[in-house]
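In the UniProt record's numbering, the protein residues as written are 1 to 195. Comments concern the structure below.
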């Protein structure tokens, strides 16, 4: 939770249309509710693995020692600041944590596998592109619904000469402007596009 707190305390201007956190972790956060209790293998720097015995290896099985909770971030901080949360999965140790985060979060949590660095880079670019596309579509919808001109659009200006839409960018999926987060499930996976 400490890393999420640090990230959420960065300067997130309300004028930034796209705000995304890419969280990469190899173990769940503190608290036995985020561990499956069965133990899991964690890769060591030399390529071997060490087994951790689930929450028995968590120094703080009763939760974050500073009292931070996922609810604080997923129900309050991220929605208030308009931050989209994506998770980079290293191994299966974080599966239960993400499942619990999804129960709490108002917005979908997208996972991506980071084992292939090039594929991860491509996926991040695709996620950010989808996020930008989502924000532009949402702004256009609000603009049309409110029939506003640029002088009272809250500081956001749309360039009517630039057509940004998912149909013209095959790497970005269409997203529903009613959702809080773009649908990136159908974005092109870099590992599929290699010849």
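Note that the Cβ used here is the ideal one computed from N, Cα and C, for glycine as well. Everything numeric in this text was worked out from a predicted model, so none of it was measured.
Item, Value
"Sub-9 Å separation of residue 93 and residue 7 beta-carbons", "no"
"Reference residue 9; option with closest CA among 34, 17, 65 and 76", "76"
"Per DSSP, the bridge partner or partners of residue 23", "87"
"contact_flag[the segment 134 to 147, the segment 101 to 117] where n(CB pairs < 8 Å) is 3 or more", "no"
"Residue 111: first and last residue of the uninterrupted alpha helix (DSSP H) it sits in", "No alpha helix (DSSP H) contains residue 111, which is instead part of the beta strand (DSSP E) from 110 to 113."
"Length of the line joining the Cα atoms of residue 169 and residue 120", "The pLDDT assigned to residue 169 is 41, lower than 50, so where the model puts this residue is not dependable, and the model offers no usable value."
"Contact belief for residue 104 with residue 71 at Cβ below 8 Å, rounded distance in angstroms", "5 Å"
"Check whether residue 35 and residue 96 have beta carbons under 9 Å apart", "yes"
"Element boundaries [alpha helix (DSSP H), containing residue 134]", "117 to 146"
"When 33, 78, 65 and 73 are compared against residue 14, the one with the closest alpha-carbon", "78"
"Proximal residues to residue 132 (C-beta, below 6 Å), its chain only, five neighbours per side dropped", "18"
"Counted within 10 angstroms of its Cβ, other Cβ atoms place residue 74 as buried (16 or more) or exposed", "buried"
"Residues near residue 90 in its chain [Cβ-Cβ closer than 8 Å; skip 5 each side]", "24, 25, 26, 43, 114 and 115"
"Reduced DSSP secondary structure (H/G/I, E/B, other) of residue 28", "coil"
"Inter-residue Cα distance where the pair is residue 3 and residue 146", "38 Å"
"Where residue 68 sits in the DSSP three-state scheme", "coil"
"Residues near residue 124 in its chain [Cβ-Cβ closer than 7 Å; skip 5 each side]", "22"
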